[in-house]
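Trainee: Right, I'll just put the structure down here and ask away after.
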Amino acid sequence: MSALPEHIEPLPTTQVLRQDEGIFASIKARFLAWRDAQLLQRRFQQWALSFPLTRPIARRQAVRLFDLCAGFIYSQVLLAAVRLDLFEMLSQGPLSLQEIAKRLRMNPDAVGRLLQAAVALALLEQRSKHAGLDTRYGLGMLGASVLSSPGLKAMIQHHALFYQDLADPVALLQSRGSERAMAGYWAYATSEKPSELHDVAVGDYSALMAASQPMVAEEILASYNFSKHQHMLDLGGGEGVFIAQVAARYPRMRFTLMDLPAVTRRAALRFEQLGLTQRTRCVPGSFLSDPIPTAADLVSLIRVVHDHDDAFVMQLLRKLHQSMTPGAKLLLAEPMAQTRGAMPVADAYFAMYLWAMGSGRSRRPDELLAMLREAGFARARVLRQVMPLQVRVLLAER
Ligand SMILES: C[S@@+](CC[C@H](N)C(=O)[O-])C[C@H]1O[C@@H](n2cnc3c(N)ncnc32)[C@H](O)[C@@H]1O
Numbered sequence: 086m087s088a089l090p091e092h093i094e095p096l097p098t099t100q101v102l103r104q105d106e107g108i109f110a111s112i113k114a115r116f117l118a119w120r121d122a123q124l125l126q127r128r129f130q131q132w133a134l135s136f137p138l139t140r141p142i143a144r145r146q147a148v149r150l151f152d153l154c155a156g157f158i159y160s161q162v163l164l165a166a167v168r169l170d171l172f173e174m175l176s177q178g179p180l181s182l183q184e185i186a187k188r189l190r191m192n193p194d195a196v197g198r199l200l201q202a203a204v205a206l207a208l209l210e211q212r213s214k215h216a217g218l219d220t221r222y223g224l225g226m227l228g229a230s231v232l233s234s235p236g237l238k239a240m241i242q243h244h245a246l247f248y249q250d251l252a253d254p255v256a257l258l259q260s261r262g263s264e265r266a267m268a269g270y271w272a273y274a275t276s277e278k279p280s281e282l283h284d285v286a287v288g289d290y291s292a293l294m295a296a297s298q299p300m301v302a303e304e305i306l307a308s309y310n311f312s313k314h315q316h317m318l319d320l321g322g323g324e325g326v327f328i329a330q331v332a333a334r335y336p337r338m339r340f341t342l343m344d345l346p347a348v349t350r351r352a353a354l355r356f357e358q359l360g361l362t363q364r365t366r367c368v369p370g371s372f373l374s375d376p377i378p379t380a381a382d383l384v385s386l387i388r389v390v391h392d393h394d395d396a397f398v399m400q401l402l403r404k405l406h407q408s409m410t411p412g413a414k415l416l417l418a419e420p421m422a423q424t425r426g427a428m429p430v431a432d433a434y435f436a437m438y439l440w441a442m443g444s445g446r447s448r449r450p451d452e453l454l455a456m457l458r459e460a461g462f463a464r465a466r467v468l469r470q471v472m473p474l475q476v477r478v479l480l481a482e483r
């Protein structure tokens with residue numbers, strides 16, 4: 086066994102072993118200890134690669150590990166392709182390397198390198214066999230998906246800020262301050278007086294949320310039937326994109342949007358442009374320090390709760406519960422931890438993202454359900470969804 090690095094405290098020599106948690110837990114713990122010991126053995130690794138039944142597993146693990154090492158570079162290839170509008174350029178049809186380099190006014194060698202990487206990552210496809218300046222490139226499956234999703238493009242572009250904070254991930258984990266690039270971007274996360282944030286401070290994040298909201302709204306609309314409701318309050322409703330999507334589907338409903346003053350000004354403009362002024366009301370203020378509008382029979386909290394620490398969330402949920410009329414429903418949707426098939430979304434991506442932001446965390450559905458019950462809500466449950474990737478949806482009743 087190798088010596089421990091200096092920054093790790095050695096265990097006390099009289100380490101207290103954990104109490105046995107039952108026969109099955111004990112067998113499982115012994116098996117995992119045996120497996121870990123095997124995985125560390127060079128001989129076992131060689132055997133796993135040579136034995137036909139374990140070979141595919143060993144290969145898959147090796148590829149997964151390499152993907153983890155190289156993931157940052159993959160992201161940079163994607164960012165470069167988005168910044169150069171490569172997918173837009175190829176949306177009209179395939180082009181040769183020479184034509185692409187000419188249109189980008191870039192060195193063909195450098196462009197060739199980017200195209201090669203983008204093909205390997207399924208962002209593009211090579212459409213002719215020979216390699217050279219005449220090689221033609223077209224959209225790949227993933228490149229086409231990025232092109233058709235303005236929200237995704239906006240997310241990819243804003244990651245440049247997140248990468249600044251991640252340049253030293255250990256330093257990032259060792260601090261939790263407001264000096265980070267991400268904390269500056271999400272100004273309300275660490276602000277003492279969020280209501281006083283001006284237009285410039287909210288503009289970028291509000292535009293990003295507006296661009297990415299249609300993907301989220303689609304998922305929520307597919308999981309809940311709004312037809313029994315007359316009036317929805319969208320708390321922290323941003324620029325009003327979610328309300329606009331629900332309004333288009335349910336023409337008899339009315340809506341109230343509460344958000345910080347600089348954000349509701351943007352929402353009011355959107356509602357005016359969409360001809361929704363008669364059916365909507367914008368309430369500027371902070372949902373923690375100002376009164377929450379009453380009279381809605383449905384309240385939505387979309388991608389709001391995960392931005393805040395537990396004490397803040399409990400205060401908000403209790404206040405919300407008091408403001409709601411008996412029988413009114415609460416719809417809470419956001420990415421949630423421990424989601425099968427989507428673990429990296431909330432448990433890796435959002436966990437680190439919210440840490441960099443300086444407030445909030447990814448919570449499991451059962452944690453959120455417990456918080457809702459503690460705040461007084463009844464019949465709190467997880468709604469069934471087709472694709473619980475970006476958000477999961479909870480419903481509770483006042
Ligand atoms: C992550 S965004 C989500 C926006 C929108 N619900 C969506 O899904 O697109 C969080 C929203 O909460 C708002 N917000 C943050 N703190 C707030 C507060 N104290 N009072 C009211 N709104 C707040 C922000 O301005 C922002 O619009």
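So the mapping is simple: my numbering equals the position in the sequence shown, first residue as 1, plus 85.
Cβ coordinates follow ideal geometry from the N, Cα and C atoms, glycine included.
Just so we're clear, the structure is a prediction, and the values are computed from it rather than from any experiment.
(1) In the DSSP assignment, the beta strand (DSSP E) including Phe340 goes from what residue to what residue?
(2) Exposed or buried, Ile377, counting other C-beta atoms within 10 Å across all chains shown (16 or more means buried)?
(3) Please state the DSSP three-state secondary structure of Ser176.
(4) So, with DSSP's three-state summary, where would you put Asp414?
(5) DSSP state of Ala333, grouped into three classes?
(6) What's the gap between the Cα of Trp132 and the Cα of Arg144?
(7) With DSSP collapsed to three states, give me the class of Ile185.
(8) Are the CB atoms of Ser385 and Leu416 within a distance shorter than 8 Å?
(9) Taking the CB atoms as reference points, tell me whether Ala413 and Asp382 lie closer together than 8 Å.
(10) May I ask which residues mark the beginning and end of the alpha helix (DSSP H) holding Gln298?
(11) Helix, strand or coil: how does DSSP classify Leu169 here?
(12) If we ignore side chains and look at the alpha-carbon of each, how far apart do Gly236 and Arg403 end up?
(13) Hey, Leu371 and Leu345: beta-carbon distance below 8 Å or not?
(14) Please work out which residues of its chain come closer than 7 Å, Cβ to Cβ, to Ser444, disregarding the five sequence neighbours upstream and downstream, and give them in chain order.
(15) For ligand 1, is there a heavy atom less than 7 Å away from the beta-carbon of Gly269?
(16) Should Asp219 be counted as a contact of ligand 1 given a C-beta to heavy atom distance under 7 Å?
(17) What would DSSP say about Leu479, mapped onto helix, strand or coil?
(18) Have a look at Val231, Leu342, Ala268 and flag the residue whose alpha-carbon is nearest the alpha-carbon of Ala296.
(19) Which residue's Cα is closest to the Cα of Gly223: Gln177, Arg198, Ser260?
(20) Which partner residues does Ile387 have in the DSSP bridge list?
(21) The beta strand (DSSP E) that contains Asp319, what's its start and end?
(22) Have a look at Ala205, Lys113, Asp375, Ala245 and flag the residue whose alpha-carbon is nearest the alpha-carbon of Ala165.
(23) What did DSSP end up calling Arg190 once you bin it into helix, strand or coil?
(24) Within 10 Å of its beta-carbon, does Trp271 have 16 or more other beta-carbons around it, so buried, or fewer, so exposed?
(25) Which two residues bound the contiguous beta strand (DSSP E) that contains Gly426?
(26) Tell me the rounded alpha-carbon separation between Leu320 and Tyr335.
(27) Which runs of the alpha helix (DSSP H) fall wholly inside the region 421-470 and span at least 4 residues, in chain order?
Mentor: This is what the structure gives:
(1) Here the question's residue 340 lines up with position 255 in the sequence shown. For Phe340, the enclosing beta strand (DSSP E) has its first and last residue at 339-344.
(2) The residue labelled residue 377 in the question sits at position 292 within the sequence shown. Around the beta carbon of Ile377, 16 or more other beta carbons lie within 10 angstroms, which makes this residue buried.
(3) Residue numbering aside, residue 176 sits at position 91 when the sequence shown is read from its first letter. Residue state, collapsed to three classes: coil.
(4) To locate residue 414, count along the sequence shown from 1; it is residue 329. Looking at the sequence itself, residue 414 is Lys, so the reference to Asp does not match. Reduced to three states, the DSSP call for Lys414 is strand.
(5) For this step, residue 333 is matched to residue 248 along the sequence shown. Looking at Ala333 - three-state DSSP - the assignment turns out to be helix.
(6) The count along the sequence shown starts at 1 and reaches residue 132 at position 47. The count along the sequence shown starts at 1 and reaches residue 144 at position 59. Within the model, the alpha-carbon separation for Trp132 versus Arg144 is close to 12 Å.
(7) The residue labelled residue 185 in the question sits at position 100 within the sequence shown. Looking at Ile185 - three-state DSSP - the assignment turns out to be helix.
(8) Counting from one through the sequence shown, the residue named residue 416 turns up at place 331. Counting from one through the sequence shown, the residue named residue 385 turns up at place 300. Closer than 8 Å, so yes.
(9) Residue numbering aside, residue 413 sits at position 328 when the sequence shown is read from its first letter. Residue numbering aside, residue 382 sits at position 297 when the sequence shown is read from its first letter. In this structure, Ala413 lies near Asp382, with their beta-carbon atoms less than 8 Å apart.
(10) Along the sequence shown, one-based indexing puts residue 298 at 213. Unbroken alpha helix (DSSP H) run through Gln298: 284-308.
(11) Position 84 of the sequence shown, counted from the start, is the residue given in the question as residue 169. Leu169: coil per DSSP, three-state reduction.
(12) Your numbering for residue 236 matches position 151 in the sequence shown. Your numbering for residue 403 matches position 318 in the sequence shown. Here the C-alpha atom of Gly236 lies approximately 33 Å from the C-alpha atom of Arg403.
(13) Here residue 371 is taken as the residue at index 286 of the sequence shown, counted from 1. Here residue 345 is taken as the residue at index 260 of the sequence shown, counted from 1. It is Ser, not Leu, that sits at residue 371 in the sequence shown. Contact flag set, yes.
(14) As a working mapping, residue 444 is identified with position 359 in the sequence shown. Exclusion of the five residues before and after Ser444 leaves Ala274, Thr275, Asp392, His393, Asp394 as the residues of its chain whose Cβ lies within less than 7 Å of its Cβ.
(15) Reading the sequence shown from its first residue, position 184 is the one you call residue 269. Short note on Gly269: C-beta not closer than 7 Å to any heavy atom of ligand 1.
(16) Translated into positions along the sequence shown, residue 219 becomes position 134. Asp219: no, Cβ never under 7 Å from ligand 1.
(17) Position 394 of the sequence shown, counting from 1, holds the residue named residue 479. Shown here, Leu479 sits in a strand according to DSSP, grouped into three states.
(18) Within the sequence shown, residue 296 is the residue found at index 211, counting from 1. Closest option to Ala296, Cα to Cα, is Val231.
(19) Looking up residue 223 in the sequence shown gives position 138. Residue Gln177 holds the alpha-carbon nearest to the alpha-carbon of Gly223 among Gln177, Arg198, Ser260.
(20) As a working mapping, residue 387 is identified with position 302 in the sequence shown. Residue pairing by DSSP puts Ile387 in a beta bridge opposite Ala418.
(21) The residue you call residue 319 lines up with position 234 of the sequence shown. Its beta strand (DSSP E) spans residues 316-320.
(22) Here residue 165 refers to the residue found at position 80 of the sequence shown. Among Ala205, Lys113, Asp375, Ala245, the Cα nearest to that of Ala165 belongs to Ala245.
(23) For this step, residue 190 is matched to residue 105 along the sequence shown. Three-state DSSP puts Arg190 in coil, outside helix and strand.
(24) The residue you call residue 271 lines up with position 186 of the sequence shown. By the neighbour-count rule (16 or more Cβ atoms within 10 Å), Trp271 is buried.
(25) For the purposes of this step, residue 426 is taken as residue 341 along the sequence shown, with counting starting at 1. No beta strand (DSSP E) holds Gly426; DSSP gives it neither H nor E.
(26) Position 235 of the sequence shown, counted from the first residue, corresponds to residue 320. Position 250 of the sequence shown, counted from the first residue, corresponds to residue 335. Roughly 19 Å separates the two Cα atoms.
(27) Correct list: 436-442, 450-459.
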